[in-house]
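Q: Each protein sequence line maps, in turn, to chains A and B.
If you read the first sequence in my numbering, its first letter stands for residue 1, the second for the next number, and so on.
If you read the second sequence in my numbering, its first letter stands for residue 1001, the second for the next number, and so on.
Sharing a structure, written as structure tokens. Questions coming.
2 protein chains.
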Amino acid sequence: MLKNHIGRKPLMFPKPTLERLKLYYALLLTENKDYISSDEIAKRLKITPEQVRKDISHLNITGKPKVGYHIPSLLGELSELFGISVTDNIIIVGAGGLGSALARYKGFEKIGVKVVAIFDNDSEKIGTFVGELMVLPLSDLQRVVKRFKVRIAAICVPEESAQEVTDLLVEKGIKAIWNFAPAILHVPSGILLENEDITRGILSIKHMLDKKG
Amino acid sequence: MLKNHIGRKPLMFPKPTLERLKLYYALLLTENKDYISSDEIAKRLKITPEQVRKDISHLNITGKPKVGYHIPSLLGELSELFGISVTDNIIIVGAGGLGSALARYKGFEKIGVKVVAIFDNDSEKIGTFVGELMVLPLSDLQRVVKRFKVRIAAICVPEESAQEVTDLLVEKGIKAIWNFAPAILHVPSGILLENEDITRGILSIKHMLDKKG
DNA sequence: TAGATTGTTAATCGATTAACAATC
DNA sequence: TAGATTGTTAATCGATTAACAATC
């Protein structure tokens, strides 16, 4: 299978590698030195330096022996890998606590994400403001998706209506669903589904607190 | 190394298995049949039936040939595995959008989690209510942790103060940090750290939307 | 130069998948 | 019984780790 561009590194990354690359990005953003060694990255993230080097070897970047990796270049590569320099307009469906918090989240800007609208079907909420956004009825969905070329939608509705909302979003042309409802959703093939169910993290914590010595 | 109890299954699960077991739990909660086959679980979650059987084989439960797995028993086992039947009192630090949303989240009850307090250091927020909880100053931390035997704390403060808050929580006896700040935190060994950084999910989406054909 | 650090190949490890016997 | 489905062992696959040559 053809996975490479000429002169470029492979576009397919092992999933664990991709997850670690996100951590490198977060870490490097807080560094103000010019260079960092695989050893230092490894220490901060509690992994091995070999793994760091292997991960970075997937990118179009080389480090300098005795010096390490040039942080701005590394950030640039990672930024391109995750498409951070291109801003995606996203919408949020569900103006409850979680949806509203998400709509006001300040960290989106620096990863190339902009919330352009928030929707709800509760007439009490429609017309009220969440930050600078007015809550819109779902009948405005199609217009907004077209106008702002929205490809990504966050679902922050109760479990019961999550599938219904998903179907509607897909019908209106949404390409990726970012699901915050604790529901197992079905999407047509070709549509991306990313589950952000918040209960998962604390289940891991409960499990490990109980089972360890 | 001793990993087994007499007559019990191993307590160590491969991490990917543990993640899938959470999905099985979520899925089975919505089923109202008595039995389900590995094939059906697999279809719903888009994995293979062999994997489902292998995962379930880690539990103290056996299925019935021709019938499948008894759903209530499976739920019971998973509930025990994740310590759902024992309620953990947790606290939230940071009464901003995300912290407040978390404090009001309705889904905690059914996984054995109860939010007993929310803290902030902003005097404007202290004394106001988030749902039924009054926002408390951090000087009340020690008292609350002791009184409610709190082992788990969610961090919903800005990146800049996340480490400082972490240190304080650990000092006051917290055993697990559930970190919602996009920060790389350091914790002493023996303290559990679970990162729930919300930007990670959408980075995956952006990456995959851009790189796929 | 000597030494530190990268980059890559080979070896190991662990998880997934395949195959099939056991069983209801 | 025949057939469907579980449970487990063996084979495969893919990711991590180890080793070391390349290089600044």
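Beta carbons: idealized from backbone N, C-alpha and C, even for Gly.
Which of helix, strand or coil does DSSP assign to B:Y1105?
A: Within the second sequence, the letter at position 105 stands for residue 1105 of chain B. Three-state result, B:Y1105: coil.
Q: Taking the beta strand (DSSP E) that A:D88 belongs to, which residues open and close that run?
A: Walking along the first sequence from the start, residue 88 of chain A turns up at place 88. Here the beta strand (DSSP E) through A:D88 covers 88-93.
Q: Helix, strand or coil for A:M134 per DSSP?
A: Residue mapping note: residue 134 of chain A aligns to position 134 of the first sequence, counting from 1. Three-state DSSP puts A:M134 in a strand.
Q: Could you say which of A:L203, A:N179, A:F148 lies nearest to A:E159 if we only look at CA atoms?
A: On the first sequence, residue 159 of chain A is found 159 positions in, with the first residue counted as 1. When only C-alpha atoms are compared, the closest one is A:N179.
Q: Within its chain, find whatever has a CB closer than 8 angstroms to the CB of B:E1194; leave out the 5 residues flanking it on each side and keep chain order.
A: For the purposes of this step, residue 1194 of chain B is taken as residue 194 along the second sequence, with counting starting at 1. Cβ within range, chain order: A1176, I1177, W1178, N1179.
Q: Counting C-beta neighbours from all protein chains within 10 Å, is the total for A:R147 16 or more, i.e. buried, or is it exposed?
A: Against the first sequence, residue 147 of chain A aligns to sequence position 147. A:R147 is exposed by the Cβ-count criterion.
Q: Would you mind sorting B:S1182 into buried or exposed? The rule is 16 or more other CB atoms within 10 Å of its CB.
A: On the second sequence, position 182 is the one that residue 1182 of chain B refers to. Here residue 1182 of chain B is Pro; the residue named in the question, Ser, does not match the sequence. Its Cβ being crowded by 16 or more others within 10 Å, B:P1182 is buried.
Q: What are the complete alpha helix (DSSP H) segments, minimum 4 residues, inside the segment 1142-1171 of chain B?
A: Taking only runs of at least 4 residues, the alpha helix (DSSP H) segments lying wholly in the segment 1142-1171 of chain B are 1159-1171.
Q: What residues from the segment 1175-1190 of chain B come within 7 angstroms of chain A, judged by C-beta to C-beta, listed N to C?
A: So the list reads K1175, A1176, W1178, P1182, I1184, given in the order they occur along the chain.
Q: Can you give me the C-alpha to C-alpha distance between B:I1092 and B:D1120, rounded to a whole angstrom?
A: Along the second sequence, one-based indexing puts residue 1092 of chain B at 92. Along the second sequence, one-based indexing puts residue 1120 of chain B at 120. Each residue's alpha carbon lies about 9 angstroms from the other.
Q: Nearest chain B C-beta to A:I91 closer than 8 angstroms, yes or no?
A: The sequence position of residue 91 of chain A within the first sequence is 91, counting from 1. Closer than 8 angstroms: no.
Q: If contact means a Cβ-Cβ distance below 9 angstroms, which residues of the segment 82-106 of chain A contact chain B?
A: Hits within the stretch, in order: F82, G83, I84, V86, D88, I90, G96, G97, L98, G99, S100, A101, L102, A103, R104, Y105, K106.
Q: Would you call B:V1086 buried or exposed, if buried means 16 or more other Cβ atoms sit within 10 Å of its Cβ?
A: The sequence position of residue 1086 of chain B within the second sequence is 86, counting from 1. Its Cβ having fewer than 16 others within 10 Å, B:V1086 is exposed.
Q: Taking only the alpha-carbon atoms, compute the straight-line gap between A:G76 and A:P65 and give it to the nearest angstrom.
A: Within the first sequence, residue 76 of chain A is the residue found at index 76, counting from 1. Within the first sequence, residue 65 of chain A is the residue found at index 65, counting from 1. Computed Cα separation, rounded: 20 angstroms.
Q: Nearest-angstrom Cα distance between A:P72 and A:L78?
A: Here residue 72 of chain A refers to the residue found at position 72 when the first sequence is read from its first residue. Here residue 78 of chain A refers to the residue found at position 78 when the first sequence is read from its first residue. If I take the Cα positions, the gap works out to 10 angstroms.
Q: DSSP state of B:L1059, grouped into three classes?
A: Here residue 1059 of chain B corresponds to residue number 59 of the second sequence, with the count starting at 1. Coil, per DSSP.
Q: With DSSP run on the structure shown, which of helix, strand or coil describes B:A1215?
A: Here chain B has residues from 1001 to 1213 only, and residue 1215 of chain B is not among them.
Q: Any idea what DSSP makes of A:V116, helix, strand or coil?
A: Locating residue 116 of chain A in the first sequence gives position 116, counting from the first residue. If DSSP states are grouped into helix, strand and coil, A:V116 belongs with the strands.
Q: What's the C-alpha gap between B:E1171 and A:D210?
A: Position 171 of the second sequence holds residue 1171 of chain B. Position 210 of the first sequence holds residue 210 of chain A. The alpha-carbon atoms of B:E1171 and A:D210 are separated by roughly 21 angstroms.
Q: B:I1036 bridges to which residues according to DSSP?
A: As a working note, residue 1036 of chain B is residue 36 in the second sequence. For B:I1036, which the question treats as bridged, DSSP gives the partners B:Y1069.
Q: Starting from B:E1031 and walking both ways along the beta strand (DSSP E), at which residues does that stretch end?
A: Position 31 of the second sequence holds residue 1031 of chain B. Element bounds for B:E1031: n/a, residue is neither H nor E.
Q: Quick one: any contact between the segment 122-133 of chain A and the segment 149-159 of chain A, if contact means 3 or more CB pairs under 8 angstroms?
A: Contact between the segment 122-133 of chain A and the segment 149-159 of chain A is absent, because fewer than three Cβ pairs lie under 8 angstroms.
Q: Could you say which of B:M1012, B:L1203, B:H1207, B:M1208 lies nearest to A:F108 if we only look at CA atoms?
A: To locate residue 108 of chain A, count along the first sequence from 1; it is residue 108. The shortest Cα separation from A:F108 among B:M1012, B:L1203, B:H1207, B:M1208 belongs to B:L1203.
Q: What does a CB cutoff of less than 8 angstroms around B:A1162 pick up in its chain, not counting 5 residues either side in sequence?
A: Here residue 1162 of chain B corresponds to residue number 162 of the second sequence, with the count starting at 1. Result list for B:A1162: I1155, N1179, A1181, A1183, L1185, in chain order.
Q: Would you check if the segment 1020-1037 of chain B and the segment 1055-1069 of chain B touch, i.e. whether three or more CB-CB distances between them fall below 8 angstroms?
A: Result yes; three or more Cβ-Cβ pairs closer than 8 angstroms.
Q: Closest Cβ-Cβ distance between A:I47 and chain B: below 8 angstroms?
A: Here the question's residue 47 of chain A lines up with position 47 in the first sequence. Not an interface residue.
Q: Taking 8 angstroms as the CB-CB limit, is B:K1146 close to chain A?
A: Here residue 1146 of chain B corresponds to residue number 146 of the second sequence, with the count starting at 1. Judged by the 8 angstroms Cβ criterion, B:K1146 is not in contact with chain A.
Q: Can you check DSSP and say which residues form a bridge with A:F13?
A: Translated into the one-based positions of the first sequence, residue 13 of chain A becomes position 13. Paired residues: none, contrary to the question.
Q: Should A:G112 and B:K1206 be called a contact, given that it needs their Cβ atoms to be closer than 8 angstroms?
A: Translated into positions along the first sequence, residue 112 of chain A becomes position 112. Translated into positions along the second sequence, residue 1206 of chain B becomes position 206. Against a cut-off of 8 angstroms, the Cβ pair of B:K1206 and A:G112 comes out as a contact.
Q: Taking its Cβ as the centre, do 16 or more other Cβ atoms sit within 10 Å of A:G7, making it buried, or is it exposed?
A: Taking the first residue of the first sequence as 1, we reach residue 7 of chain A at position 7. Residue placement at A:G7 is flagged as unreliable, the pLDDT there being 46, under the threshold of 50; a coordinate-derived value is accordingly withheld.
Q: Rounded to whole angstroms, what's the CA-CA distance from B:V1208 to A:L74? Just pull it up for me.
A: Residue numbering aside, residue 1208 of chain B sits at position 208 when the second sequence is read from its first letter. Residue numbering aside, residue 74 of chain A sits at position 74 when the first sequence is read from its first letter. One point to set straight first is that residue 1208 of chain B is Met, not Val, in the sequence displayed. Approximately 20 angstroms between the Cα atoms of the pair.
Q: Any C-beta of chain B sitting closer than 8 angstroms to the C-beta of A:H58?
A: Counting from one through the first sequence, the residue named residue 58 of chain A turns up at place 58. Answer no: the Cβ-Cβ gap between A:H58 and chain B never drops below 8 angstroms.
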